[in-house]
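Asks: Read in order, the letters of the sequence shown are residues 22 to 202 in the numbering used here.
My questions all concern the structure below.
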Amino acid sequence: MTRTRIALVSATAAALALLTACDGYGSSSGDAPASPTADGGQGAATTGGSLAVAEVGGLGEVVTASDGRTLYRFDKDTANPPVSHCHGDCAAQWPPLLAGESMPPAAGIDPALLGTATREDGAEQVTLNGWPLYRYAKDSAAGDVKGHGVGGTWFAATPEGKKAASVLPKPSPGDGGGYGY
22 MTRTRIALVS
32 ATAAALALLT
42 ACDGYGSSSG
52 DAPASPTADG
62 GQGAATTGGS
72 LAVAEVGGLG
82 EVVTASDGRT
92 LYRFDKDTAN
102 PPVSHCHGDC
112 AAQWPPLLAG
122 ESMPPAAGID
132 PALLGTATRE
142 DGAEQVTLNG
152 WPLYRYAKDS
162 AAGDVKGHGV
172 GGTWFAATPE
182 GKKAASVLPK
192 PSPGDGGGYG
202 Y
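So this is what it looks like as structure tokens:
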């Protein structure tokens, strides 16, 4: 069991290592070439990189990709078993964080909480405490949390995989793009 968990964490760690080379929207953000995306464009699923923990104004500690962009969880997903219910138009607005070869352990995140879930298309999505992780297409910079609270179902993820406490104002109807699902 321990060897399996270590192998899973190592595989997930390597997958997220690639995220640092791609900003998740099809353009390079470093010296390494951009990782391919599912549709090659805006809002595409992201692969690779490492996770980090950052203090985000009003929310406390949340999980981010290595580029500082906030990662979210969706209340309509399930954690046990881990299942994503965000596909099609939803996934275009909320790109899933996909696993690759491996992922380095993130400071502040218990490696035992990291895993993957198989999506409808067969891709492996990174999970935290069973909850599939996503970016929000309207977050354009490190520290943005425009997706927090959208539709009452999307929340920045804490290092424990829980919903971040919200002291932010609720997003206006235009901020959600109708993708509260």
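Beta carbons are placed, not taken as given, at the ideal position from N, Cα and C, and that holds for glycine.
Everything numeric in this text was worked out from a predicted model, so none of it was measured.
#1: Around the Cβ of D44, are there at least 16 other Cβ atoms within 10 angstroms (buried) or fewer (exposed)?
#2: Name the DSSP bridge partner or partners of K184?
#3: Taking DSSP as the reference, what is the three-state secondary structure of A86?
#4: When you compare only the Cα positions, how much space is there between P132 and D110?
#5: I need the straight-line Cα distance from I27 to A127, nearest angstrom please.
#6: Compare the Cα-Cα distances from V147 to each of L118, G164, A162 and report the closest residue.
#7: Can you tell me the Cα-Cα spacing of S49 and D96, whole angstroms?
#8: With DSSP as the reference, label G170 as helix, strand or coil.
#9: Hey, could you find the ends of the beta strand (DSSP E) Y157 is sitting in?
#10: Anyone know if the C-beta pair for A178 and G81 falls short of 8 angstroms?
#11: Hey, would you say A120 sits closer than 8 angstroms to E141, going by beta carbons?
#12: So if DSSP puts E145 in a beta bridge, which residue, or which two residues, is it bridged to?
#13: Where do the N-terminal and C-terminal ends of the beta strand (DSSP E) with R127 fall, by residue?
#14: Just tell me which of S71, V77, T99 has its CA closest to the CA of T139.
Replies: Result, derived from the coordinates:
#1: Counting from one through the sequence shown, the residue named residue 44 turns up at place 23. Note that D44 scores 31 on pLDDT, short of 50, meaning its location in the model is unreliable and no value can be drawn from it.
#2: Within the sequence shown, the letter at position 163 stands for residue 184. Bridge partners of K184: A178.
#3: As a first step, residue 86 is located in the sequence shown; it is residue number 65 there, counting from the start. Under the three-state reduction of DSSP, A86 is assigned to strand.
#4: Within the sequence shown, residue 132 is the residue found at index 111, counting from 1. Within the sequence shown, residue 110 is the residue found at index 89, counting from 1. About 31 angstroms.
#5: Stepping through the sequence shown from its first residue, residue 27 is reached at position 6. Stepping through the sequence shown from its first residue, residue 127 is reached at position 106. Residue placement at I27 is flagged as unreliable, the pLDDT there being 37, under the threshold of 50; the coordinate-derived value follows with that caveat. Answer to the nearest angstrom: the Cα atoms are 14 angstroms apart.
#6: Along the sequence shown, one-based indexing puts residue 147 at 126. Closest option to V147, Cα to Cα, is L118.
#7: Reading the sequence shown from its first residue, position 28 is the one you call residue 49. Reading the sequence shown from its first residue, position 75 is the one you call residue 96. Low local confidence applies: a pLDDT of 26 at S49 is under 50, so the model's placement there is unreliable, with the coordinate-based value given in what follows. Near 31 angstroms, if we compare the C-alpha coordinates of D96 and S49.
#8: On the sequence shown, position 149 is the one that residue 170 refers to. Coil at G170, not helix or strand.
#9: Along the sequence shown, read from residue 1 onward, the residue named residue 157 stands at position 136. Looking at the DSSP string, Y157 is not in any beta strand (DSSP E), and its letter there is neither H nor E.
#10: On the sequence shown, position 157 is the one that residue 178 refers to. On the sequence shown, position 60 is the one that residue 81 refers to. It is not a contact, given that the beta carbons lie outside the stated cut-off.
#11: In the sequence shown, the residue the question calls residue 120 occupies position 99. In the sequence shown, the residue the question calls residue 141 occupies position 120. For A120 and E141, no; Cβs fall outside 8 angstroms.
#12: Translated into positions along the sequence shown, residue 145 becomes position 124. E145 pairs with T139.
#13: The residue given as residue 127 occupies position 106 in the sequence shown. One detail in the question is off: residue 127 reads as Ala in this sequence, not Arg. Per DSSP, A127 belongs to no beta strand (DSSP E) and is neither H nor E.
#14: Looking up residue 139 in the sequence shown gives position 118. Ranking the options by Cα distance to T139, first place goes to T99.
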